[in-house]
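These notes concern the structure reproduced below.
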C-alpha cells in the first residue's frame, strides 16, 4: 500500500538555515512522531527508532535513513527503509526550498510504501494514521523553524 | 413453505435380512466411528506426535509481493539461544534440485525451490529457515534475520500479467505458462444460425481458500542408517508429494515413508505442502537425523499455503436459438495460478471434465491460458478448476435468461441434458454416467417453496425490496483419469486412476482394513467398515479400520491420496475387492477345516462370533480358528492352501483410456455427482448487505453408502460455498499485500452465518461402479453459482449485472452505485430475425 502526500508552508527562516536544519538527520529526525532515538550508522546512514503502532499492534520501528539527494540550499530528500511491526516500510521525503519574502517557502512531498501483514490487520487505518503523523511532523517543523 | 419435504427420501432404508446380503450395511446411516475419538479430543494429529530430540522449524517470510533479495544477515539469529541451524534460500538451493514442473514450454523453465533464492514472488514467500530447540526459540530467532529487499512492481491482475510488462520468472520469458484452444463442434456455424447472440461482459471468479482447523503440519526425520525419510504429515496426496520430493532431495520414492493419522480438514489445499516437507527433511539431515517439526501458523496458512484458482472470463459470446437453447459458447479464460505452478497447469484441463456443465450445447470455443502473478500459489481447492468453469456456465445461462426474458428455472430446464440421454457423451468425450437434473430442480423447488417465494418476491418488489431467487446446477466430477495430464504435457507420465487397499484377518481372527486413502474428515473408516461388513456378513463394529495412511503398509499406488471426489468409487472398490479376496481365502480354509465344499458355506455371526458355516447345519468354524490355522497352527493345513495369506491386497484400476491428445478428447472422469441448490436472498437497500432468506440443496451422488455422511458433506460444502460467495476473499492490494491474512479479515463462515438448510437427495445409480455410488463431497461450489443467480435476480431491475463470484455488501454497494451512474457492465443482445 502506498501513500503520497504533498504540501507547502512558509517560514521566516532563510533557505540556507532551513536547509541546514532539514538536511541534518540529528535535528530533523527528533521531529518525527513517536521518535525514540537517532544514531549514526555505517556509510553515512542513520538509524532512527520510532515507537509506532496502530490499534493493538505496537512496537519499535528501526528505519535506516539516508540523505539521498542534497542540493543546498534548494533541495534535499531522505530515503528510508526498515522494519515496522507487522511489515516493512519504504519512505521518501523531499523538500524544495525557495525564497518567500524575508523567509522561505518549503514545498514538501512524502511517499510511504507499507508492505506486510500489517496491511491485512490495519490497512484501512493506515492512511489516516499516516496523514495524522505527517501533520504532526509538519507542525513540528513549522515550530522548529519559527 | 413445505417443511423438510424430502424426509421420506432421507429415511434410512430398512436392512435386507440375511447374512452376506449385499446391501445390509451399505446404505445405512451408521454413526461415524471416527467421532468416538475426535469429539473426545483423543484424535492424533501431527502436533500430537512427539519424537525424542525433536527440533522446531520457523520460517522467515517476505513482506513484499515482489522484490529482489539483496542481502540476508542471519548472524544474530544464528547466535540466538537454542538455535541450531539458519539457512537462506541460497543455502538450500545448493542442497536440492528445483521441484519438477508438470507443464511444458515456458512453465518448464520455472525454478521452484523450497526457499526463495534471488527474488520473492509473493507475500509470505519463505526466504530463510531457523531450526531451534523450541518453537519459541525458533520464532524469536526468525525475527532476528535481517533481509534487505529491493521492492519490484507487483503483478496482480490477470490481464496485466498476460501483457508481460513485468515478469515473475525471467527464465520463462513470459507470465503465460500455458495456453491452448478447446474447440468442439462447429461454433462458427452455430453463431451464424443463432436467433440471439448474447455478449457478456468480463466475469471474474475470485480467489478464496479452505480454512481447515489444522494448518499444514510436518515432522521429518532423516534416518541416517538407511538414508531414508520418515514423515508424519497431513499431506493429503502422498503419491503426488513423493514424486516432487524424491527428485528434489535425491532419494528414491521408496525411501520416503509418509504417515498420516487424523487430519483436521484439508479440502485439497494440503496437497501442495511438499516444499515445507522438503525443508524439514533437509534440516533433519543436516542435524544428524534429529526430527524437525513444523506447524504452520494461521497467518502463514492464509498467506502462503495455497489458495483456490482465480479465473477471468473475457469476450464471451453465446449463441441461442429462438427458444433460448444454447447453440454455442465462445470465450477466453485466463486462470491465475499465483507465483508458482506446483499442481498446475493441471487445472488447465481439469475444468474440461465438466466442459458443458449440466447442459446440452455441443459447439464451443474456449481459449484457455494460465498466468503467474505475485500472489500465493494455488492448490487444488475443493471443487478445483471445475467450479470456476461451472460458475462461468451458470452465469452464462442465468444472464442469457435475463437477456431473453426467460425465467431462471425455465431456461435451465430447456438446456439440461435429459435423463434419457445418460450415459451422455460430452463434446470433448467425457461420459456422464447418470443424472436427472429436472427432477433435482423440481425437488429443490418443492423444498424451498418456490411458488410461495415467487409471490412474496412480487409483493416485496412492489414495496421496493430487492429479493431474488436463484438456481445453481453444478457437477462434482469424481475419480479422475490422470491421462488428462497428457493433454497439458504429452510427455507427462500419468494416466488412469488406481487405489490400493488391504483387508486381512489378523492373528486373533479380527478383520482389519488398511486404507489406501488419506481421510481428512470424510468418514472413510466408517464407510470402509460398512463395505467389508456386507462382504463378510458381519456387523461393521466387528471390522477394525486403521486410521490414517502409512505408505509402508503397501496400500500405495501412484495415485494414492484423497482428492477428486473419489473414495466412494476408487477407495471403496479397492476395499471391496480386497475383502472379496479375503473372503475367498477364508472360505478355502474353512472348507478344509470343516471337510465341506466351498459352495456349501455361508458367512455370518454364530454363538462364538463371526464364523463360516455349512449351510443348513451347525458345523461352523469361527474367524479365530481360521486365523489360527493359517498363522500359528499351520501344520494342520493341507499343502493346497500354501498360498493363503489372509492378508489380501487389491488394486482398483478405473476403466480409463489415454485421451486423444490432439483432439483433447476422452473420458476424463468416471462419475458425475450433481448438486442443485436454490437460494432466496434479499439485499438490504440501506446497508446493501445480502441476507439469505431460504436455502435448499439437493444432491445426487448415485447410491449412497452412508446417507448421514453424505448429508454432512453436503452441509459442509454448502457452508464453504456460502462463505466463498458472500464473505471469504483472498484479495490483494496493488503491491501484492494480502488483505486478509487472519480470520478477523478473511471472515470464514461459521455456524452463526449458516441459513437453515433444506436438504434433499435423489439417487441415479452410476452404471460404471460396482455399487452404483459416485464420488462426492466437493459440492462443485454450488452456493457460489446459486447465490450469484439469486443476487442477479434481486438486482437485475436495478441495472446491476453480477459479474464476480464474491459479493459482499461493500461490493454490492459499489455495483449499485455504478449502475446508478450508468457505469455498470451491460449485456448486449443481437437479435437476428429469421434465424433458428
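Protein chains in written order, with the numbering used here: chain A, 1 to 146; chain B, 1001 to 1836.
Where is the CB? At the ideal position from N, CA and C, for every residue including glycine.
Residue j beta carbon less than 8 Å from that of residue i
i: residue 1280 of chain B; j: residue 1294 of chain B; result: yes
i: residue 1217 of chain B; j: residue 1296 of chain B; result: yes
i: residue 1219 of chain B; j: residue 1257 of chain B; result: no
i: residue 1172 of chain B; j: residue 1109 of chain B; result: yes
i: residue 69 of chain A; j: residue 49 of chain A; result: no
i: residue 1802 of chain B; j: residue 1824 of chain B; result: no
i: residue 108 of chain A; j: residue 23 of chain A; result: no
i: residue 1788 of chain B; j: residue 1357 of chain B; result: no
i: residue 1609 of chain B; j: residue 1620 of chain B; result: no
i: residue 1829 of chain B; j: residue 1198 of chain B; result: yes
i: residue 137 of chain A; j: residue 65 of chain A; result: no
Minimum Cβ-Cβ distance from residue i to chain B less than 8 Å
i: residue 52 of chain A; result: no
i: residue 125 of chain A; result: no
i: residue 44 of chain A; result: no
i: residue 79 of chain A; result: no
i: residue 103 of chain A; result: no
i: residue 4 of chain A; result: no
i: residue 48 of chain A; result: no
i: residue 116 of chain A; result: yes
Span of the beta strand (DSSP E) around residue i
i: residue 1672 of chain B; result: 1669-1683
i: residue 1 of chain A; result: Run containing residue 1 of chain A: none; DSSP gives neither H nor E here.
i: residue 1611 of chain B; result: 1609-1614
i: residue 1076 of chain B; result: Here residue 1076 of chain B belongs to no beta strand (DSSP E); instead the alpha helix (DSSP H) covers 1075-1078.
i: residue 1468 of chain B; result: 1466-1480
When the options are compared against residue i, the one with the closest alpha-carbon
i: residue 1637 of chain B; options: B:1489, B:1532, B:1215 and B:1586; result: B:1586
i: residue 1567 of chain B; options: B:1599, B:1341 and B:1771; result: B:1771
i: residue 85 of chain A; options: A:56, A:65 and A:92; result: A:56
i: residue 1554 of chain B; options: B:1225, B:1601, B:1254 and B:1541; result: B:1254
i: residue 1796 of chain B; options: B:1260, B:1461 and B:1635; result: B:1461
i: residue 76 of chain A; options: A:60, A:97 and A:5; result: A:97
i: residue 1158 of chain B; options: B:1430, B:1339 and B:1793; result: B:1339
i: residue 1488 of chain B; options: B:1142, B:1179, B:1819 and B:1276; result: B:1179
i: residue 1224 of chain B; options: B:1214, B:1291 and B:1212; result: B:1291
i: residue 1243 of chain B; options: B:1559, B:1706 and B:1622; result: B:1559
i: residue 1079 of chain B; options: B:1031, B:1137 and B:1642; result: B:1137
i: residue 1758 of chain B; options: B:1700, B:1632, B:1447 and B:1593; result: B:1447
i: residue 1424 of chain B; options: B:1836, B:1103, B:1670 and B:1819; result: B:1670
i: residue 1367 of chain B; options: B:1314, B:1403, B:1388 and B:1391; result: B:1314
i: residue 1687 of chain B; options: B:1641, B:1299, B:1809 and B:1274; result: B:1809
Limits of the alpha helix (DSSP H) - the one that residue i falls within
i: residue 1838 of chain B; result: This structure leaves residue 1838 of chain B out entirely; chain B is present only between 1001 and 1836.
i: residue 1506 of chain B; result: Note, residue 1506 of chain B: premise wrong, no alpha helix (DSSP H); not H, not E.
i: residue 1638 of chain B; result: Careful: residue 1638 of chain B lies outside any alpha helix (DSSP H) and carries neither H nor E.
i: residue 1453 of chain B; result: 1450-1462
i: residue 1837 of chain B; result: The question about residue 1837 of chain B has no answer, for chain B in this structure spans 1001 to 1836.
i: residue 1745 of chain B; result: 1743-1746
CB contact below 8 Å: residue i versus chain A
i: residue 1029 of chain B; result: no
i: residue 1695 of chain B; result: no
i: residue 1741 of chain B; result: yes
i: residue 1735 of chain B; result: yes
i: residue 1063 of chain B; result: yes
i: residue 1021 of chain B; result: In this prediction, residue 1021 of chain B scores a pLDDT of 45, lower than 50, which makes its location untrustworthy; the coordinate-derived value is nonetheless stated afterwards. So no, residue 1021 of chain B is outside the interface.
i: residue 1745 of chain B; result: yes
i: residue 1380 of chain B; result: no
i: residue 1738 of chain B; result: yes
i: residue 1088 of chain B; result: no
| query | Any chance the region 1199-1218 of chain B sits against the region 1714-1731 of chain B, with 3 or more Cβ pairs inside 8 Å? | reply | yes
| task | State whether the region 1083-1100 of chain B contacts the region 1122-1131 of chain B, with contact taken as three or more CB pairs (one from each stretch) at a distance under 8 Å. | result | yes
| query | When the Cβ atoms of the region 1301-1309 of chain B are set against those of the region 1372-1392 of chain B, are three or more pairs found closer than 8 Å? | reply | yes
| query | Can you find at least 3 beta carbon pairs, one from the region 1777-1787 of chain B and one from the region 1654-1662 of chain B, that sit closer than 8 Å? | reply | no
| Per the contact definition of three or more C-beta pairs closer than 8 Å, is the region 1140-1159 of chain B in contact with the region 1061-1077 of chain B? | yes
| query | Is the region 1489-1509 of chain B close to the region 1641-1648 of chain B, with three or more CB pairs under 8 Å? | reply | yes
| query | Can you find at least 3 beta carbon pairs, one from the region 1514-1526 of chain B and one from the region 1487-1495 of chain B, that sit closer than 8 Å? | reply | no
| message | Is it the case that the region 1719-1727 of chain B contacts the region 1747-1766 of chain B, given that we only count it when at least three CB pairs across the two stretches are under 8 Å? | response | yes
| Given 8 Å, three or more beta-carbon pairs between the region 1662-1680 of chain B and the region 1468-1481 of chain B | yes
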